[in-house]
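In the numbering used here, the protein residues as written are 877 to 1440.
Think of the CB as a built atom: it goes at the ideal place given N, C-alpha and C, for glycine as much as any other residue.
Contents: one structure, followed by commentary.
Listed below in structure tokens is the structure:
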């Protein structure tokens, strides 16, 4: 029986828990968790009909629940290893456009954060926002110097709302990880920690300004790309001021408009820049969907909205390079090997079947020739890994989703663009850049070499002296001696207790033949006392064995799963 979910009796959070309960009851038996063991939360409900219908309903419900759940849905749309395709596609279309909040509140926030009246900081400030989202809204303005800017103002009270939502989600994730099979398998606590970091970054506009500056640095060698520059003196944790960039969303440019656009150099610059950022610099703009890419009047691509940014660690960068090379060469075995080293195998992982399916997928991809899309292949490989019980690193799914969004931009601007060819052309530059060593890396290597050189003669001398004296020994930690002794001691205690209880039973049976005036229920009293002691001791021993073994099994299960 599943233990009840222990929720704190906080009136402020009562509505959040109620909303979560309704969401679980509504979608707990849909195909998003079918067969995954998530039903322990729920009462009996009818199964929703149809994948697409259920997925759209889930997206609509998350949108109604507010900004935290909208952002959670957007993050889940990147986890193709967790959710079926219908759900990731529906969640990817989640929009956080909401009604703008009054200008008076925006003015108060700007003046509080900047420390000056808005009329003194800006020559002009448009009271009507250009756009409004769940976390903030954007106003167009002009600085006293005449510089045209946009001002992003955080929605009032949004941090408190997100904090309360995160508290409710954390309790739910802890319960799922500790008491359900699906929680132990997928690690909702780990997923929520990733979400918390992402959302914290979006709520700190100083961090977004730093991301803009870094992206400007990383794209400075790409003349067809433009990133707006933040205005440091007009930026705080709740207000972000940056250059106004005129232009239209890429997807709003129709076929006639594209006739005046030379798309080939634009998409090549964009694709190469993102490959280099991800695979060399480890910087991932996790949401480059068409709405965040503008076509400027001077024929460049402007990259906006740097709130959702992730870091790709070097080990993942190297593995992704090898994986892309294996896909380009049609080497399914090598692709499966790379994926196996990147991921964490779960219970039920079948390496042979996984290798076969990866080989089949890579073969199908290669048959497409130049039409193969790197993002689509990485997304499918992430999904395939999750299906076979191999959890890929979260960064791989996010890279695949980012490249998939990038494919939409490139295909709209230049349908003839071949991502596979662009990857092959860029591999040499990416590998050479990845092999460069920074000055700090050279210094660290030099220090390690110095220590090795200084200590090697003394250590080698000790080894040779031990060999000459016959005292050389090798210790191999093949067996945990302390644990083995503990198990043997527990076994000996149980055996001794069992022998004592058996002796009591035998002694009581023999005493049944001894005539005595003291009787209980017609039997000798001493014999009945021994029988009673044996029965109580036997029951206590059985209970101790059951409780102890269950506790040990639970601890070993958590030790095998690093997420718990």
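Sequence-distant residues of its chain with Cβ nearer than 6 Å to residue i (five each side left out)
{"i": "residue 989", "result": "1112, 1114, 1115"}
{"i": "residue 944", "result": "1038, 1041"}
{"i": "residue 1421", "result": "none"}
{"i": "residue 1104", "result": "1118, 1119, 1121"}
{"i": "residue 953", "result": "964, 967, 968"}
{"i": "residue 983", "result": "994"}
Distance, residue j Cα to residue i Cα
{"i": "residue 1144", "j": "residue 1137", "result": "14 Å"}
{"i": "residue 1282", "j": "residue 1159", "result": "15 Å"}
{"i": "residue 993", "j": "residue 1008", "result": "23 Å"}
{"i": "residue 1276", "j": "residue 1268", "result": "12 Å"}
{"i": "residue 1067", "j": "residue 1179", "result": "27 Å"}
{"i": "residue 1189", "j": "residue 1414", "result": "56 Å"}
{"i": "residue 1142", "j": "residue 1100", "result": "6 Å"}
{"i": "residue 1044", "j": "residue 1051", "result": "11 Å"}
{"i": "residue 1461", "j": "residue 1174", "result": "Residue numbering for the chain in the displayed model covers 877 to 1440; residue 1461 lies beyond these limits and cannot be assessed."}
{"i": "residue 1369", "j": "residue 1399", "result": "32 Å"}
{"i": "residue 1529", "j": "residue 1371", "result": "Because the chain here runs from 877 to 1440, residue 1529 falls outside it and cannot be looked at."}
{"i": "residue 964", "j": "residue 1020", "result": "45 Å"}
{"i": "residue 1387", "j": "residue 1379", "result": "12 Å"}
{"i": "residue 932", "j": "residue 1077", "result": "28 Å"}
{"i": "residue 1487", "j": "residue 1124", "result": "Nothing in the structure corresponds to residue 1487, since the chain is present only between 877 and 1440."}
{"i": "residue 1220", "j": "residue 1301", "result": "31 Å"}
{"i": "residue 1023", "j": "residue 960", "result": "47 Å"}
{"i": "residue 1171", "j": "residue 1130", "result": "12 Å"}
{"i": "residue 1134", "j": "residue 1053", "result": "50 Å"}
{"i": "residue 1342", "j": "residue 1365", "result": "36 Å"}
{"i": "residue 1347", "j": "residue 1331", "result": "21 Å"}
{"i": "residue 1403", "j": "residue 1377", "result": "13 Å"}
{"i": "residue 1258", "j": "residue 978", "result": "43 Å"}
{"i": "residue 1325", "j": "residue 1333", "result": "13 Å"}
{"i": "residue 980", "j": "residue 987", "result": "11 Å"}
{"i": "residue 970", "j": "residue 1072", "result": "19 Å"}
{"i": "residue 1299", "j": "residue 1148", "result": "8 Å"}
Beta carbon of residue i nearer than 8 Å to that of residue j
{"i": "residue 1146", "j": "residue 1286", "result": "yes"}
{"i": "residue 1234", "j": "residue 1206", "result": "no"}
{"i": "residue 1262", "j": "residue 1225", "result": "no"}
{"i": "residue 1184", "j": "residue 1010", "result": "no"}
{"i": "residue 1017", "j": "residue 1003", "result": "no"}
{"i": "residue 1290", "j": "residue 1139", "result": "yes"}
{"i": "residue 1229", "j": "residue 1212", "result": "no"}
{"i": "residue 997", "j": "residue 1081", "result": "no"}
{"i": "residue 1218", "j": "residue 1153", "result": "no"}
{"i": "residue 1006", "j": "residue 1025", "result": "no"}
Residues near residue i by beta carbon distance below 7 Å, same chain, minus five either side
{"i": "residue 1383", "result": "1406"}
{"i": "residue 1012", "result": "1028, 1029, 1030, 1031"}
{"i": "residue 1423", "result": "none"}
{"i": "residue 1349", "result": "none"}
{"i": "residue 974", "result": "1008, 1009, 1010"}
{"i": "residue 1253", "result": "1203, 1241"}
Residue i classed as buried or exposed, judged by whether at least 16 other C-beta atoms fall within 10 angstroms
{"i": "residue 1181", "result": "buried"}
{"i": "residue 1097", "result": "exposed"}
{"i": "residue 1204", "result": "buried"}
{"i": "residue 1426", "result": "exposed"}
{"i": "residue 1186", "result": "buried"}
{"i": "residue 935", "result": "buried"}
{"i": "residue 1397", "result": "exposed"}
{"i": "residue 930", "result": "buried"}
{"i": "residue 1374", "result": "exposed"}
{"i": "residue 1250", "result": "buried"}
{"i": "residue 1102", "result": "buried"}
Identified DSSP bridge partners for residue i
{"i": "residue 1012", "result": "1030"}
{"i": "residue 1118", "result": "1026, 1106"}
{"i": "residue 1220", "result": "1267"}
{"i": "residue 1169", "result": "1179"}
{"i": "residue 1081", "result": "According to DSSP, which records beta bridges pairwise, residue 1081 is partnered with nothing at all."}
{"i": "residue 1000", "result": "1018"}
{"i": "residue 1400", "result": "1395"}
{"i": "residue 1185", "result": "1161"}
{"i": "residue 1125", "result": "1170"}
{"i": "residue 1292", "result": "Note: residue 1292 sits in no beta bridge, so no partner."}
{"i": "residue 1101", "result": "1177"}
Chain-order list of residues whose beta-carbon lies under 8 Å from that of residue i (same chain, five-residue window excluded)
{"i": "residue 1236", "result": "1208"}
{"i": "residue 1336", "result": "none"}
{"i": "residue 1409", "result": "1380"}
8 Å Cβ cutoff, residue i in contact with chain D
{"i": "residue 1056", "result": "The structure shown contains no chain D; it is built from a single protein chain."}
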